[in-house]
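My numbering numbers the first residue of the sequence shown as 91 and each following residue consecutively.
Think of the CB as a built atom: it goes at the ideal place given N, C-alpha and C, for glycine as much as any other residue.
The structure displayed is predicted, hence computed values, not measured ones.
First comes the structure, then the notes that go with it.
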Amino acid sequence: MDCIKTFYYSDINSVTENFDKIFQTYLQDGVLCIKDSFFSEKDQKSITEALAKKIGLNYISQHDYEDHHRSIERVGLKSKDEVFINWHLEHVYSNNPQMMASWNMVHFTCEKGSGNTGFIKVDDLYSTIPTEYLEFLNNCNIEQNQKTRTAVAYYDLLKKNILRVDVNKGSDTLVEYQKMIPTKDQIDYFALIQNHIHEVVYSTPSIQKWWEWQTGDMIIIDLHRMIHCVKGGFDSSQRKFRRFWAYKNNPSEYEYNFFGNREQK
Ligand SMILES: [Fe+2]
Numbered sequence: 091m092d093c094i095k096t097f098y099y100s101d102i103n104s105v106t107e108n109f110d111k112i113f114q115t116y117l118q119d120g121v122l123c124i125k126d127s128f129f130s131e132k133d134q135k136s137i138t139e140a141l142a143k144k145i146g147l148n149y150i151s152q153h154d155y156e157d158h159h160r161s162i163e164r165v166g167l168k169s170k171d172e173v174f175i176n177w178h179l180e181h182v183y184s185n186n187p188q189m190m191a192s193w194n195m196v197h198f199t200c201e202k203g204s205g206n207t208g209f210i211k212v213d214d215l216y217s218t219i220p221t222e223y224l225e226f227l228n229n230c231n232i233e234q235n236q237k238t239r240t241a242v243a244y245y246d247l248l249k250k251n252i253l254r255v256d257v258n259k260g261s262d263t264l265v266e267y268q269k270m271i272p273t274k275d276q277i278d279y280f281a282l283i284q285n286h287i288h289e290v291v292y293s294t295p296s297i298q299k300w301w302e303w304q305t306g307d308m309i310i311i312d313l314h315r316m317i318h319c320v321k322g323g324f325d326s327s328q329r330k331f332r333r334f335w336a337y338k339n340n341p342s343e344y345e346y347n348f349f350g351n352r353e354q355k
């Protein structure tokens, strides 16, 4: 199992003193864990706000626990070896997606090695995608849930382009190629590329990192860059975390859609 950089800070002063280390790891790896931290809600919020401010995100929202309940209702219980929440880039189609999050595991009573979270840095996908696919994606405008975006977008934090294609087959549709209505061949070619990305994400262990949770672990993640998933092996009472999301724009100006995502009012 590849490593996720781990820090052991159990009080907010240690985090403050080592803040630059945390920030540099965030930039380099896109994910890190502060282990055995058992942070209170207040401390978690302070840490999340400090990092959000540092990277230019001004709005924070909090959600507790509800994801797993909803997912269990949707897909049923899965074993610890099965993907339970599919690999995804967080609300990739949204025009105000969550950019960063802290996930603080406040209750974990399932067997160790159950409910693992997987991570793939979107940058690591590039080496697996043929050059002709990347060149094609550079000219694509794609759509999901009636929202259009470019398939590749500049990420100002990293000062480079990153992929913004949903990793699940058939989820995006090509609506423009070189700013013109695409031909059927171009639409099919985009679908072929999206299928390729899906296959790479689901079946390339060398680019995946996994985290085995214990109570008190707090993951900090760059949601704009880290594709992630959750494996099963637990029910809704066994794994509870407190989550803060950070956005560029005020999420209160958005409302939930059917999928539980926030959409512009
Ligand atoms: Fe997610």
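Practice prompt. Would you list, in sequence order, the uninterrupted beta strand (DSSP E) runs of no fewer than 3 residues that lie entirely inside the region 197-264?
Written response: Listed in chain order, the complete beta strand (DSSP E) runs (minimum 3 residues) inside the region 197-264 are 207-211, 230-234, 237-240, 242-245, 250-253.
Item to complete: Run the CB neighbour count on N185, radius 10 Å, all protein chains shown included, and call it buried at 16 or more, exposed below.
Response: So N185 counts as exposed.
Item to complete: Scan the region 272-309 and note each continuous beta strand (DSSP E) run of 3 residues or more that stays entirely inside, going in chain order.
Response: Taken in chain order, the complete beta strand (DSSP E) segments of 3 residues or longer contained in the region 272-309 are 299-301.
Worksheet item: What residue range is occupied by the uninterrupted beta strand (DSSP E) comprising Q152?
Response: Element bounds for Q152: 149-154.
Fill in: Neighbourhood of D126 by C-beta, 7 angstroms cutoff - its chain only, sequence neighbours within 5 removed
Answer for D126: Y98, S100, G306, listed in chain order.
Worksheet item: Using the rule of at least 16 other Cβ atoms within 10 Å of the residue's Cβ for burial, across every protein chain shown, is N206 buried or exposed?
Response: Buried, since its Cβ has 16 or more Cβ neighbours within 10 Å.
Practice prompt. Taking the CB atoms as reference points, tell me whether L264 and I311 lie closer together than 8 angstroms.
Written response: 8 angstroms or more divides the Cβ of L264 from the Cβ of I311.
Item to complete: Pick helix, strand or coil for S184, following the three-state DSSP scheme.
Response: Coil, per DSSP.
Worksheet item: If we ignore side chains and look at the alpha-carbon of each, how far apart do I219 and S261 end up?
Response: C-alpha separation (whole angstroms): 19 angstroms.
Worksheet item: Excluding the five sequence neighbours on either side, which residues of its own chain have a C-beta within less than 7 angstroms of the C-beta of Y292, listed in chain order?
Response: W177, listed in sequence order.
Worksheet entry | Cβ neighbours of F128 in the same chain (closer than 6 angstroms, five flanking residues each side left out) | A distance below 6 angstroms between beta-carbons, with the five flanking residues on each side excluded, links F128 to the following residues of its chain, in chain order: G306.
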